[in-house]
Amino acid sequence: MHPASAWRTQPTTQEAVARIHCHPASRQAVEPRPHALNPFPIPNPQPMTFRDPVDLAALNASSRDTLIEHLGIVFTDAGEDWLRATMPVDSRTKQPYGLLHGGASVVLAETLGSSAGNLCVDMTTQMCVGLEINANHLRAAYQDVVTGTARAVHIGRSTQVWDIIIENPAGKRVCVSRLTLAVVSRSNG
2 MHPASAWRTQ
12 PTTQEAVARI
22 HCHPASRQAV
32 EPRPHALNPF
42 PIPNPQPMTF
52 RDPVDLAALN
62 ASSRDTLIEH
72 LGIVFTDAGE
82 DWLRATMPVD
92 SRTKQPYGLL
102 HGGASVVLAE
112 TLGSSAGNLC
122 VDMTTQMCVG
132 LEINANHLRA
142 AYQDVVTGTA
152 RAVHIGRSTQ
162 VWDIIIENPA
172 GKRVCVSRLT
182 LAVVSRSNG
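Residue 2 is where the sequence shown starts when you use my numbering, and the numbers rise one by one after that.
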């Protein structure tokens, strides 16, 4: 067979997905795995660990008298490779049409990513600062709270990349964001 025509004998994407999502014994459809439809999953063979145990009380205390406190953002939980916070959907975070302001979602995303990034460096000599952020607003939120979770994509010596997913109380995604941080030396001035 000619190498250029070999690809034609491969199953189509729909056929391949159908095989993945059917149990072989019963040939009944099963719930698709989230990564099965993503041709470019982010590999994360070993979880990134923060330098020290995460002190949520200290993170919340450092937020006093800042935009973070003004918007009601509270750090609530952390794991080996993730940091979580909540933000109320109220008069502080809504836009004039009564729904969560996209800028407030971006503030939550950058707060989570920057805070998590700084937990990965020696804060006596370095700090992480935002270099670039993007956000896709997927669903409106009108009330209650939203919860953001930051996970590391890349932790390097000079840059870090974080994915932040913001969800409503039902677990549906409201916003997905990616933050790139620069790791810089702390100046004495």
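Just so you know, even glycine gets a beta-carbon here, dropped at the ideal spot from N, CA and C.
query                                                                                               : result
C-alpha distance - residue 105 paired with residue 94, whole-angstrom precision                     : 6 Å
Close beta carbons around residue 162, own chain, < 8 Å, minus the five adjacent residues each side : 153, 154, 155, 179, 180, 181, 182
Where residue 185 falls, given that 16 or more other Cβ within 10 Å makes a residue buried          : exposed
Stretch pair the stretch 139-153 + the stretch 81-91: three plus CB contacts closer than 8 Å        : yes
Residues bridged to residue 69 (per DSSP)                                                           : None; residue 69 has no bridge partner.
Rounded Cβ spacing between residue 1 and residue 61 (contact assumed at less than 8 Å)              : Given that the chain is displayed from residue 2 to residue 190, the structure contains no residue 1 and the question cannot be resolved.
Pairwise C-alpha distance: residue 124 and residue 187                                              : 8 Å
Distance, residue 177 Cα to residue 114 Cα                                                          : 12 Å
Between the CA atoms of residue 89 and residue 170 - distance to the nearest angstrom               : 11 Å
Cβ-Cβ separation, residue 63 to residue 74 (assumed contact under 8 Å), whole Å                     : Between residue 63 and residue 74 the Cβ distance is about 12 Å, and since that is not below 8 Å, they are no contact.
Cutoff 7 Å; reference residue 130; Cβ partners in own chain excluding five residues on either side  : 182, 183, 185
Top-ranked residue by Cα proximity to residue 55, from 158, 121, 173                                : 121
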